[in-house]
Amino acid sequence: MSAARPPGRTPRLVPAASQMSELPQLVVDGLVSGAVLAIAAVGVSLVYGILHLVNFAHGDYLTFGAYAGLGVTALGLSLVVATVVAIVATAMLAVGLQLVLWGPVRRRRAGLLSSFITAIGLALVLRHAIFLVVGAGSRAYPVDQFSVERLGPVRVSISQLIAISLSIVAIAVIGLLLARTSIGRSMRAFADNPELAAVAGVDVGRIVLATWLIAGALAGLAGELQGLIQGAFDPNMGWNLLLPIFAAVVLGTIGNAYGALLGGFALGLVMELSTWSVLGGGIPASYKYVVAFLALIVMLLVRPQGLLGRRARAL
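Here it is as structure tokens:
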């Protein structure tokens with residue numbers, strides 16, 4: 001039994017030098033967390049900006065991608081193959097659901113409330129289907145979570161290195177796709193003015209399928225990355241990330257893909273820096289998401305149009 005602290009004696013404070021040494025590590029951790037949020041948020045933002053649909057099932061797309069990749073590694077195949085399978089399988093899931101669910105819903109001109117309820121119902125169906133297939137137990141990718149590389153004052157795990165590398169590639173591809181390709185230009189035109197784009201000859205069906213394909217692919221990648229950096233995960237993983245993803249979308253400017261990237265990284269940094277001991281000792285890591293939503297509330301009060309403002313294009 002530990003001895004009681006003498007009356008009037010205050011706890012030993014963390015030295016300032018030690019507090020400052022925490023900062024680089026927290027920044028790196030924030031960028032890693034933010035990368036996952038950013039990639040996932042772009043998919044949500046594209047779907048909303050082009051289709052005007054709030055997809056509450058997006059978090060479960062992440063979970064599907066994480067388990068698709070995990071299933072490949074269970075067969076003894078490499079993480080590279082698992083990444084490709086996670087991306088392709090989730091993209092196909094998103095396109096398939098567009099064909100059998102969202103397409104008919106749009107053709108029937110369902111209202112906002114009907115689409116809202118449909119999205120929530122789809123999320124529940126997907127999550128419980130995953131529970132039925134894989135069970136409620138936690139799983140993990142076959143990556144050594146305790147193996148770290150020291151880069152100056154920062155320690156980075158193998159999972160984080162993989163996540164950072166894939167995130168850089170994904171963000172570069174997203175930027176090139178939206179800015180330099182014909183499908184990206186068509187998507188921007190359709191998001192700005194659907195009626196004018198249709199009159200100008202833009203293939204609306206092609207744009208809709210491309211939107212779901214890209215959103216699903218990004219969700220699959222984000223799900224695998226989250227599974228890697230989180231370590232053990234279960235079928236609730238994507239659902240737990242859904243609100244932070246939506247927060248990143250709102251923070252960056254709703255319907256703006258570039259804003260979603262910025263909002264994701266900003267939110268990741270805010271969540272990690274909130275645990276910094278120099279800030280009144282920091283908060284417990286389990287409360288990071290609360291701080292993220294407080295930051296979102298402040299942003300909505302101060303700058304409700306989001307980080308990129310009203311002048312940003314829809315994409």
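Be aware that the sequence shown starts at 1, since it is given in the UniProt record's numbering, and climbs by one per residue. By construction, the Cβ of each residue, glycine as well, lies at the ideal position given by its N, Cα and C atoms. No experiment lies behind these values; they were computed from the predicted model shown.
So, for residue i: in the same chain, excluding its five sequence neighbours on each side, which residues have a beta-carbon less than 6 Å away from its beta-carbon?
| i | result |
| --- | --- |
| residue 370 | This structure cannot settle anything about residue 370, because the visible part of the chain is limited to 1 through 315. |
| Leu177 | Gly184 |
| Ala295 | Val270 |
| Leu308 | Thr253, Asn256 and Gly259 |
| Leu112 | none |
| Pro142 | Thr73 |
| Phe56 | Ala119, Ile120 and Ala123 |
| Ala179 | none |
| Leu262 | Gly252 and Leu307 |
| Val156 | Glu149 |
| Leu97 | none |
| Gly268 | Gly30, Ser33, Gly34 and Leu37 |
| Arg107 | none |
Measuring straight from C-alpha to C-alpha, what distance separates residue i and residue j?
| i | j | result |
| --- | --- | --- |
| Val36 | Leu225 | 7 Å |
| Leu77 | Gln230 | 21 Å |
| Gly300 | Phe293 | The sequence given here places Leu at residue 300; Gly does not occur at that position. Each residue's alpha carbon lies about 10 Å from the other. |
| Thr73 | Gly201 | 44 Å |
| Ala198 | Ile117 | 28 Å |
| Gln160 | Thr275 | 19 Å |
| Phe265 | Ala248 | 8 Å |
| Gly69 | Gly121 | 25 Å |
| Arg150 | Leu166 | 20 Å |
| Ile171 | Leu228 | 18 Å |
| Ser45 | Ala189 | 15 Å |
| Arg109 | Ser186 | 23 Å |
| Gly223 | Ala41 | 12 Å |
| Gly137 | Asp234 | 6 Å |
| Ser182 | Pro194 | 16 Å |
| Ala86 | Gly220 | 5 Å |
| Tyr67 | Leu243 | 21 Å |
| Ala140 | Phe146 | 13 Å |
| Leu218 | Leu241 | 14 Å |
| Trp102 | His128 | 20 Å |
| Arg303 | Val173 | 29 Å |
| Ala89 | Met20 | 43 Å |
| Ile245 | Asp192 | 23 Å |
| Ala291 | Val250 | Sequence check: residue 291 is Val here, not Ala. For Val291 and Val250, the distance between alpha carbons rounds to 15 Å. |
| Asn236 | Gly43 | 19 Å |
| Val100 | Pro284 | 44 Å |
| Gly135 | Leu75 | 18 Å |
Quickly, what does DSSP pair residue i with across the bridge? List them, please.
| i | result |
| --- | --- |
| Leu151 | Val154 |
| Arg108 | DSSP, once it has assigned bridges, lists no residue as partnering Arg108. |
| Phe233 | Arg139 |
If I measure Cβ to Cβ from residue i and keep anything under 7 Å in the same chain, skipping five residues before and after, which residues do I get?
| i | result |
| --- | --- |
| Val95 | Leu209, Trp212, Leu213 and Gly216 |
| Gln305 | Thr253 |
| residue 316 | Here the chain has residues from 1 to 315 only, and residue 316 is not among them. |
| Thr10 | With a pLDDT of 46 at Thr10, under the threshold of 50, the modelled position of this residue cannot be trusted; read the value that follows with caution. Correct list: empty, nothing qualifies. |
| Ile207 | Ile50, Ser186, Met187 and Phe190 |
| Ser115 | Leu53 and Val105 |
| Val298 | none |
| Val47 | Leu53, Asn55, Thr211 and Ala215 |
| Leu93 | Tyr61, Phe64 and Gly216 |
To which residues of the same chain is residue i closer than 8 Å at the C-beta, ignoring the five residues directly before and after it?
| i | result |
| --- | --- |
| Asp144 | Ile158 |
| Ala163 | Val32, Ala35, Val36, Leu225, Leu228 and Ile229 |
| Glu272 | Leu26, Val27, Asp29, Gly30, Ser33 and Lys288 |
| Gly205 | none |
| Thr83 | Gly69, Leu166, Leu221 and Glu224 |
| Ala232 | Ser138, Arg139 and Ala140 |
| Pro153 | Ser21, Pro24 and Gln25 |
| Leu132 | none |
| Ile130 | Asp60, Thr63, Phe64, Tyr67 and Pro235 |
| Leu126 | Ala57, Asp60, Tyr61, Thr63 and Phe64 |
If we cut at 9 Å on Cβ distances, does residue i have a partner in chain C?
| i | result |
| --- | --- |
| Tyr67 | No chain C is present in this structure, which holds just one protein chain. |
Review point. What alpha helix (DSSP H) runs, 4 residues minimum, are completely inside the segment 238-275?
Key: Fully enclosed alpha helix (DSSP H) runs of no fewer than 4 residues occupy 257-273 of the segment 238-275, in order along the chain.
**Study point:** In chain order, each alpha helix (DSSP H) run of at least 4 residues that lies wholly inside the segment 47-124
**Key:** For the segment 47-124, whole alpha helix (DSSP H) runs of length 4 or above, ordered along the chain, are 58-74, 79-97 and 103-107.
Point to revise | Length-filtered (4 minimum) alpha helix (DSSP H) runs lying within the segment 174-224 | key: Counting whole runs of 4 or more residues, the segment 174-224 contains the alpha helix (DSSP H) stretches 182-192 and 194-199.
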